[in-house]
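S.K.:
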Amino acid sequence: MSTTTTYLDDLGRVRVAFTGLNTDADYALVERSTDGITWTTVRGGDKVGLTAGAGKLDDYEFTAGVANTYRVTAVDSATVTHFGVGTFTTGNNATLTPPLPAGSIPTGAMLVLTVTHRNTAATITTPAGWTLLAGGAGHMAVFYRTYGAGVTAPSVAFSGGAAGDSCSAQNVAYPGATLAQDGVVWLLDTWKQIQPTTAAVPPASFADQQGGSNSAGANGETHVSWRTDATANVRTVTAGTMTWTGGGAAVSKARLLRMTRRPNVGVETSAITPVLDSVWIKNVRRPSLNRKVTVSGISEITRPARVAIIDVIGRTYPLAINDVRGSRRLTLTVTTPSLAAAADFDNALLTGHAVFIQAPELDCAVPTLYATIGDTAQRKTSARGVRRYFDLPVTEVAAPASTVYSDTFTYADVLATYATIADVIAANASYSALVDKVSTAVVIVP
Numbered sequence: 001m002s003t004t005t006t007y008l009d010d011l012g013r014v015r016v017a018f019t020g021l022n023t024d025a026d027y028a029l030v031e032r033s034t035d036g037i038t039w040t041t042v043r044g045g046d047k048v049g050l051t052a053g054a055g056k057l058d059d060y061e062f063t064a065g066v067a068n069t070y071r072v073t074a075v076d077s078a079t080v081t082h083f084g085v086g087t088f089t090t091g092n093n094a095t096l097t098p099p100l101p102a103g104s105i106p107t108g109a110m111l112v113l114t115v116t117h118r119n120t121a122a123t124i125t126t127p128a129g130w131t132l133l134a135g136g137a138g139h140m141a142v143f144y145r146t147y148g149a150g151v152t153a154p155s156v157a158f159s160g161g162a163a164g165d166s167c168s169a170q171n172v173a174y175p176g177a178t179l180a181q182d183g184v185v186w187l188l189d190t191w192k193q194i195q196p197t198t199a200a201v202p203p204a205s206f207a208d209q210q211g212g213s214n215s216a217g218a219n220g221e222t223h224v225s226w227r228t229d230a231t232a233n234v235r236t237v238t239a240g241t242m243t244w245t246g247g248g249a250a251v252s253k254a255r256l257l258r259m260t261r262r263p264n265v266g267v268e269t270s271a272i273t274p275v276l277d278s279v280w281i282k283n284v285r286r287p288s289l290n291r292k293v294t295v296s297g298i299s300e301i302t303r304p305a306r307v308a309i310i311d312v313i314g315r316t317y318p319l320a321i322n323d324v325r326g327s328r329r330l331t332l333t334v335t336t337p338s339l340a341a342a343a344d345f346d347n348a349l350l351t352g353h354a355v356f357i358q359a360p361e362l363d364c365a366v367p368t369l370y371a372t373i374g375d376t377a378q379r380k381t382s383a384r385g386v387r388r389y390f391d392l393p394v395t396e397v398a399a400p401a402s403t404v405y406s407d408t409f410t411y412a413d414v415l416a417t418y419a420t421i422a423d424v425i426a427a428n429a430s431y432s433a434l435v436d437k438v439s440t441a442v443v444i445v446p
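In case it helps, the UniProt record's numbering puts the sequence shown at residues 1 to 446.
#1: Can you tell me where the alpha helix (DSSP H) with V424 in it begins and where it stops?
#2: To the nearest angstrom, report how far apart T5 and N68 are at their CA atoms.
#3: For the putative contact between residue 483 and A254, defined by C-beta atoms under 8 Å, what is the C-beta separation to the nearest angstrom?
#4: Between the region 98-105 and the region 292-311, do three or more beta carbon pairs fall short of 8 Å?
#5: Name the DSSP bridge partner or partners of E31?
#6: Under a three-way DSSP split, which group does T90 fall into?
#7: Looking at C-alpha atoms only, which residue of I357, G108, A121 is the closest neighbour of T294?
#8: Whole angstroms is fine: what's the gap from N214's alpha carbon to T222's?
#9: Restricting to runs no shorter than 3 residues, where is the beta strand (DSSP E) found entirely within the region 202-232?
#10: Contact between the region 59-77 and the region 22-42: three or more CB pairs below 8 Å?
#11: Find out if the Cβ-Cβ distance for the pair V397, R285 is shorter than 8 Å.
#12: Please go through the same chain and pick out, in chain order, the residues whose beta-carbon is closer than 6 Å to the beta-carbon of A200, but skip the five residues on each side of it.
#13: For the 8 Å Cβ check, are there 3 or more pairs between the region 179-197 and the region 79-93?
#14: Within its chain, find whatever has a CB closer than 8 Å to the CB of S159; leave out the 5 residues flanking it on each side and keep chain order.
#15: What does DSSP give as the partner residue(s) for V16 in the beta ladder?
#16: Does the distance from the C-beta atom of L256 to that of V237 stay below 8 Å?
#17: DSSP three-state label for F83, please.
#18: Exposed or buried, what is A359 when buried is set at 16 or more other beta-carbons lying within 10 Å of its beta-carbon?
#19: Looking only at its chain, what residues have a beta carbon closer than 8 Å to the beta carbon of Q193, apart from the 5 residues adjacent to it on each side?
#20: Can you name the start and end residues of the alpha helix (DSSP H) that A343 belongs to?
#21: Using the Cα positions of L434 and A64, report the straight-line distance between them to the nearest angstrom.
#22: To which residues of the same chain is F62 closer than 6 Å at the C-beta, ignoring the five residues directly before and after it?
#23: For a test of the three-state rule: what should DSSP assign to V414, helix, strand or coil?
#24: Tell me whether the region 380-397 and the region 328-335 touch, counting them as touching only if at least three CB pairs, one residue from each stretch, are closer than 8 Å.
#25: Would you kindly work out how many angstroms separate the C-alpha atoms of Q195 and W130, rounded to a whole number?
#26: Which word fits V234, buried or exposed, when buried means at least 16 other C-beta atoms lie within 10 angstroms of its C-beta?
#27: Considering only residues of the same chain and omitting the five flanking positions on each side of A377, which have a CB-CB separation below 8 Å?
#28: Is the beta carbon of Q210 sitting closer than 8 Å to the one on P202?
#29: Beta-carbon within less than 8 Å of T95's beta-carbon, same chain only, minus the 5 sequence neighbours each way: which residues are those?
#30: Could you check what DSSP says for residue 460 in three-state terms: helix, strand or coil?
#31: Report the partner residues of G49 according to the DSSP bridge assignment.
#32: One question on the structure: do A74 and V48 come within less than 8 Å of each other, judged by their Cβ atoms?
#33: Taking the Cβ atom as the reference point for each residue, do G55 and G20 lie within a distance shorter than 8 Å?
#34: Quick one: residues in its chain with C-beta nearer than 8 Å to the C-beta of A207, no 5 flanking neighbours on either side, listed in chain order?
#35: In whole angstroms, what is the alpha-carbon distance linking I313 and A399?
#36: Assign L187 to one of two classes, buried (16 or more other C-beta atoms within 10 Å of its C-beta) or exposed (fewer than that).
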């Protein structure tokens with residue numbers, strides 16, 4: 001996995017390009033940070049599509065003049081998949097070697113091993129190459145490892161032993177939990193220090209019973225587990241009890257585990273310090289309208305008060321109803337060197353969209369902010385001069401959500417994306433579809 005960041009001055013953007021993402025990745029999450037602690041999702045970076053493990057995203061809202069670190073996370077959004085189960089193995093206080101699930105196991109799959117010993121004072125030795133996932137009770141443990149080449153059946157050894165606790169002969173209590181996420185597999189692992197005559201009935205949504213009873217020693221025990229199906233999207237398992245019929249009073253235990261989607265299948269970072277030489281006025285909905293401008297004047301910055309003063313009969317002092325102050329207000333004067341440049345800048349403002357005004361540095365007199373531009377005025381200072389001055393009344397507004405964005409796709413990207421003309425035709429139903437993708441200007445028709 002490789003990530004590169006490049007500043008492109010054509011539209012004032014940082015291009016984040018990445019290749020070699022894990023084949024399991026469905027999309028990429030792209031974030032930005034200037035301190036390595038607080039991360040912000042780049043506009044359009046919630047779900048960046050991938051082609052053969054590669055993708056790109058343009059960022060227009062970077063902080064100029066300081067290091068910006070971009071983090072690309074490869075995300076596998078598939079639900080948890082069950083590939084199979086190995087054979088239930090028992091013994092009489094002896095080392096066990098339970099076989100791996102039969103059939104083809106995908107590389108990278110998570111193997112889960114559940115182990116119990118009838119003696120509650122016994123200790124289970126962690127098998128080589130495995131990691132303890134859930135312990136707590138020394139005689140009941142869950143281990144896991146990632147499957148790959150050379151992984152073989154584990155060897156599980158035990159030690160210790162003494163008398164244990166006692167509880168009801170029939171009821172086995174199990175815990176509950178909640179996880180606000182779909183595609184999760186819940187695993188309920190239960191054990192009872194006796195051999196019942198009838199199997200227990202699992203809670204609702206649980207099925208695929210595995211395990212059984214062990215009668216190899218002088219006394220029996222039962223180890224049974226169930227799981228939910230990921231497609232059922234069970235988010236909450238309510239605590240309760242199961243009835244095990246037959247047998248006498250004996251120790252019983254239950255453990256609830258959840259198998260969630262992987263948080264990622266790869267993370268890569270890249271840092272860049274974008275250097276701007278002028279102020280930019282950007283349209284995040286239509287990046288082709290981004291313009292580098294020359295600011296020749298800036299007014300005082302004001303914040304209007306939100307207050308109502310109410311005079312009260314018979315009182316000297318009025319009542320005040322206050323609220324937070326309004327956003328910043330100011331007027332920018334932008335200079336264009338020619339009539340053609342003036343016409344181009346005027347066209348860029350015609351959409352009426354909120355704009356992102358970006359200063360070249362933190363100490364610039366022009367603030368960096370999102371704003372809406374009010375009634376504009378275009379003027380000249382001499383009768384025959386071609387220079388034009390735009391007075392832009394600016395009101396600071398909230399930034400659009402990160403899901404509001406437009407892809408930047410130029411003709412250079414066409415050459416980089418498609419190997420042949422046939423590929424262009426296959427990916428675009430018509431020439432107009434390609435033109436819609438490749439945007440260099442927007443013309444507002446009166």
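From the three backbone atoms N, C-alpha and C, an ideal C-beta is built for every residue, glycine too.
M.R.: Result, derived from the coordinates:
#1: Start and end: 421-427.
#2: The alpha-carbon separation between T5 and N68 amounts to approximately 10 Å.
#3: Missing from the structure shown is residue 483; the chain here goes from 1 to 446 and no further.
#4: Judged by Cβ distances under 8 Å, the region 98-105 makes no contact with the region 292-311, as fewer than three pairs qualify.
#5: The secondary-structure analysis by DSSP pairs E31 across a beta bridge with T41, R71.
#6: In the three-state scheme derived from DSSP, where H, G and I count as helix and E and B as strand, T90 is classed as coil.
#7: Answer by Cα proximity: I357.
#8: Looking at the two C-alpha atoms, the distance is approximately 6 Å.
#9: You should have 207-214, 221-227.
#10: In short, these stretches touch, since the Cβ pair count reaches three.
#11: Judged by their CB atoms, V397 and R285 are not nearer to each other than the 8 Å cut-off.
#12: Within the same chain, Cβ atoms closer than 6 Å to the Cβ of A200 are found at M242, W244, the five residues on either side in sequence being excluded.
#13: When Cβ pairs closer than 8 Å are counted between the two stretches, the region 179-197 is seen to touch the region 79-93, the count reaching three or more.
#14: The residues are A122, T123, T125.
#15: DSSP output for V16 lists T5, L57 as bridge partner(s).
#16: It is a contact, given that the beta carbons lie within the stated cut-off.
#17: In the structure shown, the three-state DSSP call for F83 is coil.
#18: Buried is the label assigned to A359, since at least 16 other Cβ atoms lie within 10 Å of its Cβ.
#19: Once the five neighbours on either side are set aside, the close Cβ partners of Q193 are R118, T120, G164, N219, E221, A250, V251, S252.
#20: It spans 339-348 - the alpha helix (DSSP H) in which A343 sits, taken as one unbroken run.
#21: Computed Cα separation, rounded: 32 Å.
#22: Here the set comprises V14, N68, P274.
#23: Reduced to three states, the DSSP call for V414 is helix.
#24: Yes, the region 380-397 touches the region 328-335.
#25: Straight-line Cα distance between these residues: approximately 29 Å.
#26: Counting Cβ neighbours within 10 Å, V234 comes out buried, since at least 16 surround it.
#27: Counting only Cβ-Cβ distances below 8 Å, and skipping sequence neighbours, we find F390, D391.
#28: No, Cβ-Cβ distance for Q210 and P202 is not below 8 Å.
#29: Excluding positions up to five away in sequence, the list reads S155, V156, A157, F158.
#30: The structure shown does not extend to residue 460, since the chain spans only 1 to 446, so no value can be given for it.
#31: DSSP lists Y27 as the bridge partner or partners of G49.
#32: Here A74 is not near V48, since their CB atoms are 8 Å or more apart.
#33: For G55 and G20, no; Cβs fall outside 8 Å.
#34: W226, R227, T228, D229.
#35: Distance between the alpha carbons of I313 and A399: 44 Å.
#36: Flag for L187 reads buried.
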